[in-house]
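Trainee: One line per chain: the protein sequences are U and L, in this order. Residues are numbered in our numbering as their position in the first sequence, beginning at 1, plus a constant of 23. Residues are numbered in our numbering as their position in the second sequence, beginning at 1, plus a constant of 245. The beta carbon of each residue, even a glycine, is placed where N, CA and C say it ideally should be. These numbers come from a predicted model, not from an experiment.
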Amino acid sequence: MSSSDFTSFSFPLVDAANAERLQPQFYRELQSSATGAVVTFGGFVRDHHQGRHVVKLHYTAFEPLAQKEGVRLQLEALKRYSVHAVRAYHVLGKLFPGQPAVWVGVAASHRAEAFEACSWLLEAIKARVPIWKEEFFADGSVEWVDPTTSS
Amino acid sequence: MKVNVLLFGLLQQRASQPNFTVETTSRTPQELYNELSDQGLIDYPFSQVLCAVAEEFAAPDTPLHPDAHVAFMPPMAGG
């Protein structure tokens, strides 16, 4: 996605298998002759949360709104920062420790803008895209993650 | 009027199903949320909840129309 190619805007919500296919494609699409820096962030499922052993996560979304909001945030990143292109996706469904959950990539002329825009876009996706996760713990308990009460 | 309710995330904990239709006199998402809370279907502060109508974010005082699709969303937890 670049500011001059609005038809390609998307925020795919994919399963784990499609995430593995999408990441190299998105990485390639970020590169151009004007690009001096590509910064990417990959978020993965970890096996612990607040001292408890996590065995899997289950991500769900209000999909029509999540896709729209994900696109809007990418457009906002392009307006806020001097960057050439952005890409992002989120994984839905059941995921196990070590599997990717979210990916953000930003291309810019220089690394400073790319780092800043990548960080902003990730935080915006976490805060504003309607996606939720349930944690499945080793003791058999299951809890929705509430960001207002968890760190 | 009848409206269609969609609950997401931890708001699904008390309701027997995440999507359902209700007969209501509520005129706004906030009134509808209060009604569902009074019925014991939801137990979460409305101040933390975002609303959507017709698959788009909506203010709590957005007028509701018959057959509206109203979504209630707790704080997002992606990433």
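1. If you measure between the beta carbons of residue 322(L) and residue 297(L), is that distance less than 8 Å?
2. Residue 66(U) touches chain L at which residues, Cβ-Cβ below 8 Å?
3. Under 8 Å by Cβ, that's how I've got residue 94(U) and residue 101(U) pegged, so tell me the actual separation to the nearest angstrom.
4. Could one say the Cβ of residue 293(L) lies closer than 8 Å to chain U's Cβ atoms, at least one of them?
5. Does the contact criterion of 3 or more C-beta pairs under 8 Å hold for the segment 84-98 of chain U versus the segment 134-142 of chain U?
6. Short check: CB of residue 277(L) to CB of residue 319(L), under 8 Å?
7. Kindly indicate the opening and closing residues of the beta strand (DSSP E) around residue 154(U).
8. Tell me, please, whether the CB atom of residue 309(L) is closer than 8 Å to any CB atom in chain U?
9. Could you tell me which chain L residues have their CB closer than 8 Å to the CB of residue 145(U), listed as they occur along the chain?
10. From the beta carbon of residue 253(L), is the nearest beta carbon of chain U less than 8 Å away?
11. By a C-beta neighbour count over all protein chains shown, 10 Å radius and 16 as the cutoff for buried, is residue 266(L) buried or exposed?
12. Might you give, ordered along the chain, the residues of its own chain that have their beta carbon closer than 6 Å to the beta carbon of residue 35(U), omitting 5 neighbours on each side?
13. Give the C-beta separation of residue 280(L) and residue 88(U) to the nearest angstrom, bearing in mind that I take them to be a contact with Cβ-Cβ under 8 Å.
14. Between residue 152(U) and residue 92(U), which are expected to be in contact by the criterion C-beta below 8 Å, what is the C-beta distance as a whole number of angstroms?
15. What's the C-alpha gap between residue 48(U) and residue 78(U)?
16. Mapping the DSSP letters down to three states, classify residue 66(U) as helix, strand or coil.
17. Roughly how many angstroms lie between the CA atoms of residue 167(U) and residue 156(U), to the nearest whole one?
18. With 8 Å as the threshold, decide whether the Cβ of residue 305(L) is near any Cβ in chain U.
Mentor: Looking at the atomic coordinates:
1. no
2. 324
3. That pair is no contact at about 11 Å.
4. Chain U contact via Cβ: present.
5. Verdict: no, contact absent.
6. no
7. 154-160
8. no
9. 324
10. yes
11. exposed
12. 112
13. Contact doesn't hold; Cβ gap of about 23 Å is too wide.
14. Contact between residue 152(U) and residue 92(U) holds: CB atoms are separated by about 5 Å, below the 8 Å threshold.
15. Distance between the alpha carbons of residue 48(U) and residue 78(U) is about 29 Å.
16. strand
17. Here the alpha carbon of residue 167(U) sits roughly 6 Å from the alpha carbon of residue 156(U).
18. no
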